[in-house]
Amino acid sequence: MSTADAPLPPDLRARIADLAQAEHRLRAASVSALTMVQDYFGWVSDTHLAETASLLGMSPADLDGIATYFNLIFRRPVGRHVILLCDSVSCWIMGRDAVCTRLQARLGIRPGETTADGAVTLLPIVCLGHCDHAPAMLVDRTLHGDLTAETAEQLADTLRAPTP
Amino acid sequence: MTISDRPLTAMIGLPDGPPDCAAYGRAGGWQAVRRALRDMTPDAVIDMVTASKLRGRGGAGFGTGQKWSFVPKDPAATRRKYLIANADEMEPGTFKDRILLEGNPLQLIEGMIIAGYAIQAGHGVIFLRGEYHLALERLNRAIAEARQVGWLGEDILGSGFGFEIHVHASGGRYICGEETALLTALEGRRAQPRSKPPFPQVGGLWGAPSVVNNVETLCNLPHIVTNGAEWFVSLGLGPDSGTKLYGVSGRVRRPGAWELPMGTPLRAIIEEHAGGIRDGYRLRALLPGGASTAFLDAGQIDIPMDYGAVEKAGSRLGTGLAILLDDRTCPIGMLHNLEHFFAQESCGWCTPCRDGLPWVERLLDAIENGTGEPEDLDRLHDHARMIGPMGRTFCAHAPGAMAPLASGLKLFREDFDTHIRLRACPLRHAA
Amino acid sequence: MATILIDGRACPARTDENLLQACLEAGADLPYFCWHPELGSVGACRQCAIKQFSGPDDKTGRIVMACMTQVTDGAILSIDDPQAREFRAGVVEWLMTNHPHDCPVCPEGGECHLQDMTVMTGHDSRRYRFAKRTHRNQDLGPFINHEMNRCIGCYRCVRFYRDYAGGEDLAAFAAHNDLYFGRHEDGALESAFSGNLVEICPTGVFTDKPFSAVYSRKWDMGGAPSVCAHCAVGCNTIVNARQGSVRRVINRYHEAVNRYFLCDRGRYGHGFTNAPTRPRAPILRQGGIPVPISMATALERFATMAKDGPIVGIGSTRASLESNFALRCLTGPDRFSTGLAQLEHDLTMQVPALLRATPARNPSLHDMESADAVLVLGEDVCVTAPRLSLALRQTLRRAAFPAADAAKVPHWMDAAVRMFGSDAPSPLMVLTPAATDLDPIAATAHRAAPDAIARLGFAVAHRLDGSAPDAPDLSETESRLADTIATALRTGRRPLIVAGLQYANAALIHAAANIATALHATGADAALSLVAPDCNSMGMALTGGIPLDAVRTMARTGHIGTLVVVENDLTRRLDTATLDELLAAVPHLVVIDHIATRLAERADLVLPAASFAESGGTLVSTEGRAQRFLPVITPTMPVQESWRWTQQFTRAATHADAPEWTNLDQIVATIAHDIPALSRIIDAAPDAGYRLDGRRLRSEPARISGRTAVRANISVHDRPLPQSPDTPLSPSMEGAYSPDTPGALVPFYHAPGWNSVQSLNRFQQEIGGPMRGGDAGARLLDDGIPAQAPEWHHDIPAPSTAAPDDLLLLPEPRLFGTEELSALSPPIAARVTPATLRLGTLPAGLQDGGMVSLTLAGERLTLPVRHDPALPPGIALCPPHLAARAFTAPVRVQLHRDDTP
Ligand SMILES: Cc1cc2nc3c(=O)[nH]c(=O)nc-3n(C[C@H](O)[C@H](O)[C@H](O)COP(=O)(O)O)c2cc1C
Ligand code: SF4
Ligand code: FES
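Right under this line is the structure:
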């Protein structure tokens, strides 16, 4: 991603700094700050990690230890859309493997990968708390339930459709 | 006053979405804060909650009033203290807190103010799992409104008690739900659990006295304060008081969650509320309260869902949301899925969990895929025996992982043998 | 004291310790990984599981982690319990699932805690049949190898590196069994204490990189107790050698000094002993041509030279007491020089007197760790005394104890104590011209020029005791700062003042003494620590001598026939012109040294001296502790100890009947007799006659192998190894060995079943306590004057009135590169960065990194500038020796304006 090496925009820096100031210790804002960077760029590059770390008075190693600890912070580039397909027990019982197989075939990627056009990243995720509508997946910020291989496939297609 | 038989969810599912402050008030909200802050001392609130026999809804079932009573009572109330709502809800099969968070965030806020007042904590934190985007949006909106109206901030209702709430969206790790790991996460560190002592009530967030309560636990508080402890006790069908969000997922006709009296029989939940097992399937076994509870056999579903009864049956009430295994789903596959989850979500701090669970996962994977050996069963038993009892690992995560395994090894003995003998999963293509 | 029952055996235990410590102290073999005596307990590895029973009737018991359970009187435990055993074997089996089992090629093999524990638990066959996870390793710089696949996830590395030593660039990454310990990206580890990872890591993830290049198994090396030569702290070390070459240096535990840790300069600085440039034979310079000569010829030549007039000796603060003393015997006390120029000489001489005269305690490092208010006055201890700065850092952890006590959390519960510490106020205050590594954890970090710091110090002393003189004309800010500091110090029950000679500023150490005196008078248990520059500065101060300036005078007046310089490169002490003038006035120059120096290039006669590895001797550390180092290699002639050279000179040249010392103990005895201040050095270590069970101590482990094989191309016969008369250690594996060995004589750590350094537990009276055989060294300065009316120092500097373009250039010693010996060690040299001129305000037109020139110590220099806006006005910094060789003390300089390069 071309923006990975660009410095954080000043307003984002300011928001991170404000957030950190409101905490009992700057470092308490680390996950929120990483999330903000990720919301902006899709993922957290080395450059952005180091910059965020310095805003929080932390070393890059320290902050990276946190970034790599959590499931929802991406330290590698992702596609324009991220599909988080639940792989926990209720969804598994209700056929999430079949959904995954179909998505993989349709997108031509395996879990953890991004389509060549940079449109979609497919990732497994732990139980989304949507077990009454299993199998479920989170596409960006939207929760989709009662998936079948077909509905999931259709959803994936809309994600890949060129944005008007 | 609305004494309903489903106080927690009475205002949930309204056509216009969650109530705003005014609507919440019209429907009976805010009475409890008024009563607590104006008419009750903090200790009186604690006593009332103790008398209500409210037990934590986060899984462990610890008495809420008793938990609060460990918070040091400083004459100088200037000391920082924290009241933390555990909204991490990552236990597979569990989706109750999301209903409460999305459906009526003000109820949680009111509950937190009451709990904060009881322990004299000025800081409230909601630790919310990062995937709950809608809940985050609604919580933030509700907090902003409550602050504007004056339910949050300094000197609430002129009582001299001030309370603020902020929401922390998690970076995503099951272990963050464990209360001490949650504190570590809030401090901006790798969310590893902490040793006890110090208990959070004494040395919690930043070393300050802190109480961590589950969302559902806190949501009960307004109703207890409004309607009294006795009323709350009377709601329960058996020894436990109040109502509970029970739920079912798996191959039932109507998966979902319902607020029912504590102690509702499991059979009623599955058959009446969830509509029974889908046609063409039979119930084989179930996890009564989330992924870290032990399997119950289909024959055990006549037990009431209360803490004691489920424990007597060999499992735990846990979160109270059952996951059903039907006869066409491979139990080894299900175990493998569960152990994959636990291995993946291990924080990596202690050895048995970090290195033992992946071994378990691979053994199950091998058996399910037809490369299992008879000795593998011994290895699985070894793990269940060595990791299962509390205290062997640093926190309850790994014992939680062993609960379905140990029970599954007993319950599904034949399935294990068949897999190993046939070198294949007999049910692989059945479902 | 409590009594606990371990498998039916009643054992004494301390109630403030945990069950793991108690079991180890009881001599039991209980395996562990994450616990470390200095890092406390965190309960991560789960290896120390034991059974605890609630009472005599409890037959079931409960598995507990010994390291996380406090001792209670009457506790009933079982290590042998089958369930506990099974669980412990299980823990190792789990740890081993991903371990590569590459012991044959692993530099930890044979001294690996993981190996020991694996054997101890009885886990001996692999049942895990799946693929192992693999990691990519990192290049961590010249000191440390990285092999993450060996990792067992005990978290010790980050707990030491980050929590204990304050390092920031090593961290734990990822989670579950993807867990990774390393840096954010490849690169040299930044901490001054990174080398301790080698000993902290229970297996081979972090290993000693220079050692790997000359690797030998632990059981194939000899060891000897030694003392670090790279600063004045006097850390105790073990030097390992094989085949006549030093292979590595590791920590030697001294309860009161370095305990478990060394700094990287100490650990990696020994490379000079193996330098190819080292003088190995006497060299005679004839007409500028160096010619190797025999020992006999060398002594003859010296006898001839001695006829040409009086002999004057120049000793050295990096040479042992013995080498200096022998020289002093050759020349007589009046013609023996300390090797220091006037200013440094005067200050060095003052230090012991000041410590004695101040009623406050003169603390050991361990003692400093428990200070509850610390003022560092004008010394960057992080570079001048690195291990001392690590001790100061621990005061922060102690600051959490009150809160931990209130919550009934025992002090060894490390994570919990640190959690309470996160809000505890820091007891540290640092006043220095430039930022130091301690600043980030200090409550106050203030930048000022040395004089201004001294003024503040005097002002603080006055605020503590009105009878102490006050510094006049303080600014309002300064006055407020002095108030704050005085208040903070007054709240301490164990306040500590640290100062030193870095800026060669007498007022600084006097101000420090005033504060300590004032604090003592308030009834506090105050301590004063003064940091001397070199490993034997204090020894020199107690020996006495004349400054270099007096030698110059003698030379100028034709009173020197031969100048004998022992282990002192005068080019680092005197600028070129001064040195030229001195040498021109001296007919003969004789240099005895174990390194090649620029001075030696100008000597008529150069004699090869033994380094610390080939000789025994005594050094006096900055706390006045005399400590003995012993040879690990018996030197092969003509290399011999400096004192043996000068003794032979004495006999060859002046008086053939001079007393002859045939071993180290005899010269030690003479020193003790002749110099009252040094009388106790005899007690620094047992003498060469020491025998354990009637035998010498062996310097080689019993398993040493291949001694004949390594020289099979020369001869397959075993050759009798030469025995040095200076040590009670035998040069072979023949001899006695016991955990009761005196601390001063421990050549390596080993106990049955414990091949790693963790076997140290077996050598201590209690975990973290004194050595069973007694701690090493002898404190020399403890007989201070009885407390009378305080004596105040009055030399308060005037406020600075420097001209605007006049810069005060201060020496900026560095961890790596400015200390003479370690700079010659290749791994250290690889970490040296070029000299810069650090400036607070850049002259117009100059940018960061731009070049400036100036004249310094007689040399015209062009240096890149480094902009450091935090420097006080009028101050510049430049590393001593790195740019101008003889630059050591503050000087006023002006930048040359004319030239733009
Ligand atoms: C591995 C693990 C995960 C947990 N996750 C949650 C969670 O997501 N939500 C929750 O409320 N409690 C969770 N708990 C329980 C909490 O540690 C704690 O007991 C609870 O939040 C206390 O609240 P309560 O007393 O109101 O039940 C978890 C415990 C463990 C061991
Ligand atoms: S059992 Fe151990 S590794 Fe597992 S989550 Fe708890 S502390 Fe972490
Ligand atoms: S040494 Fe006790 S748990 Fe690691």
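Residue numbers (this note's numbering), protein chains in the order written: chain L, 1 to 164; chain U, 1001 to 1431; chain A, 2001 to 2901.
The C-beta atom is built at its ideal place from N, Cα and C for all residues, glycine as well.
Cα-Cα separation, residue i to residue j
i         : j         : result
Ser2/L    : Ala33/L   : Reliability of the predicted coordinates at Ser2/L is poor, the pLDDT of 46 falling under 50, and the value obtained from them is presented with this limitation in mind. Distance between the alpha carbons of Ser2/L and Ala33/L: 21 Å.
Thr2304/A : Met2368/A : 53 Å
Asp2693/A : Ile2238/A : 23 Å
Val2668/A : Ser2537/A : 18 Å
Asp2439/A : Val2430/A : 7 Å
Thr2670/A : Trp2643/A : 13 Å
Asp1365/U : Glu1414/U : 17 Å
Ala2883/A : Glu1345/U : 55 Å
Thr2277/A : Ile2595/A : 7 Å
His1336/U : Gly1391/U : 24 Å
Thr1002/U : Leu1235/U : With a pLDDT of only 46 at Thr1002/U, under the threshold of 50, the placement of this residue in the model should not be trusted; the figure read from the coordinates follows. Taking the straight line from one Cα to the other gives about 14 Å.
Thr47/L   : Ala2174/A : 19 Å
Leu2508/A : His2793/A : 10 Å
Pro1042/U : Gln1031/U : 16 Å
Leu2396/A : Pro2427/A : 7 Å
Check: residue i C-beta below 7 Å from any heavy atom of ligand 5
i         : result
His2254/A : Questions concerning ligand 5 fall outside what the structure shown contains, since the ligands it does hold are ligand 1, ligand 2 and ligand 3.
Residue i: first and last residue of the uninterrupted alpha helix (DSSP H) it sits in
i         : result
Thr2618/A : No alpha helix (DSSP H) holds Thr2618/A; the beta strand (DSSP E) holding it covers Gly2617 to Val2620.
Met2001/A : Here Met2001/A belongs to no alpha helix (DSSP H), and DSSP marks it neither H nor E.
Ile2289/A : That residue, Ile2289/A, is in no alpha helix (DSSP H); its beta strand (DSSP E) goes Ile2289 to Pro2292.
Asn1220/U : Val1215 to Asn1227
Cβ-Cβ distance between residue i and residue j below 8 Å
i         : j         : result
Ser88/L   : Val126/L  : yes
Ala2435/A : Ala2835/A : no
Asn2216/A : Arg2242/A : This sequence places Ser at residue 2216/A; Asn is not what is there. It is a contact, given that the beta carbons lie within the stated cut-off.
Thr2571/A : Leu2599/A : yes
Leu1218/U : Ala1115/U : yes
Cys2034/A : Ile2006/A : no
Trp2094/A : Asp1355/U : yes
Ala1424/U : Cys1353/U : no
CB contact check: residue i to chain D, cutoff 8 Å
i         : result
Asp1047/U : In the structure shown, chain D cannot be found, because the protein chains are L, U and A.
N- and C-terminal bounds of the beta strand (DSSP E) containing residue i
i         : result
Gln2052/A : Ala2049 to Phe2053
Gly2222/A : Gly2222 to Val2227
Leu2286/A : Looking at the sequence shown, residue 2286/A is not Leu but Gln. Segment Ile2283 to Gln2286, the beta strand (DSSP E) holding Gln2286/A.
Val2312/A : Ile2311 to Ile2314
- Take every Cβ of the stretch 2140-2160 of chain A, pair it with every Cβ of the stretch 34-41 of chain L, and state whether three or more of those distances are shorter than 8 Å. no
Practice prompt. Check each residue of the stretch 2145-2179 of chain A: if its Cβ is closer than 7 Å to any Cβ of chain L, include it; give the result in chain order.
Written response: Of all residues in the stretch 2145-2179 of chain A, Glu2168, Asp2169, Leu2170, Ala2171, Ala2172, Phe2173, Ala2174 and Ala2175 have a Cβ within less than 7 Å of some Cβ in chain L.
Meets three-Cβ-pair contact criterion under 8 Å: the stretch 2647-2665 of chain A and the stretch 2527-2545 of chain A: no
Tell me which residues of the stretch 1189-1217 of chain U have at least one Cβ-Cβ distance to chain A shorter than 7 Å, keeping chain order.
Arg1190, Arg1194, Ser1195, Pro1197, Pro1198, Val1202, Gly1203, Trp1206 and Gly1207
* Asked: What residues in the stretch 1328-1347 of chain U have a beta carbon less than 8 Å from any beta carbon of chain A?
  -> Ala1343, Gln1344, Glu1345, Ser1346 and Cys1347
Item to complete: Output, in sequence order along the chain, the residues in the stretch 2109-2135 of chain A whose CB is closer than 8 Å to any CB in chain U.
Response: Contact residues of the stretch 2109-2135 of chain A toward chain U are Arg2127, Tyr2128 and Phe2130 (C-beta to C-beta distance below 8 Å).
Worksheet item: Is it a yes or a no for the stretch 2584-2594 of chain A touching the stretch 2547-2566 of chain A, going by three-plus beta-carbon pairs under 8 Å?
Response: yes
Could you tell me whether the stretch 2376-2387 of chain A touches the stretch 2496-2506 of chain A, where touching means 3 or more Cβ pairs closer than 8 Å?
yes
Using a Cβ distance threshold of 8 Å, determine whether the stretch 1325-1345 of chain U contacts the stretch 1268-1287 of chain U, with at least three qualifying pairs required. yes
Exercise for review: Inspect the CB distances between the stretch 2457-2474 of chain A and the stretch 2880-2894 of chain A and report whether three or more fall short of 8 Å.
Suggested key: no
| task | Quick one: which residues of the stretch 1349-1377 of chain U get their C-beta closer than 7 Å to a C-beta of chain A? List them in chain order. | result | Trp1349, Cys1350, Thr1351, Pro1352, Arg1354, Asp1355, Gly1356, Pro1358, Trp1359 and Arg1362
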